[in-house]
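Below: the structure, in structure tokens.
Numbering (my numbering), first residue to last: 658 to 729.
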């Protein structure tokens, strides 16, 4: 199972991660906002936030997946 750490869980982020990892790559994914849980996880993990927590695979977050509604 892949654990993804982010500072905020939103429907857009959840949909995107589940679509990419679970539906396309067939990798079960779980999302957490708890740093302790993320650090203790000994399997695959990715942080999706502004700054990495350690030496995990890191993807710098963008605001689009944390927004609500449609903006012009």
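Every residue gets a Cβ at the ideal spot worked out from N, C-alpha and C, and that includes glycine.
Find the nearest neighbour of residue i within the set the options, judged by alpha-carbon distance.
i           : options               : result
residue 699 : 679, 705, 673 and 712 : 712
residue 682 : 719, 658, 695 and 693 : 658
residue 733 : 676, 717 and 693      : Outside the displayed span of the chain (658 to 729) sits residue 733, for which this structure offers no information.
residue 692 : 662, 727 and 684      : 662
Please look up how many angstroms separate the CB atoms of residue i and residue j, rounded, as I've assumed it's under 8 Å.
i           : j           : result
residue 722 : residue 669 : 5 Å
residue 674 : residue 702 : That pair is no contact at about 12 Å.
Can you give me the Cβ contacts of residue i inside the same chain, cut-off strictly under 6 Å, excluding the 5 residues immediately before and after it?
i           : result
residue 715 : 704 and 709
residue 664 : 706
Once you ignore the five residues that flank residue i on each side, which residues in its own chain have a CB closer than 8 Å to its CB?
i           : result
residue 671 : 688
Could you check what DSSP says for residue i in three-state terms: helix, strand or coil?
i           : result
residue 691 : coil
residue 706 : strand
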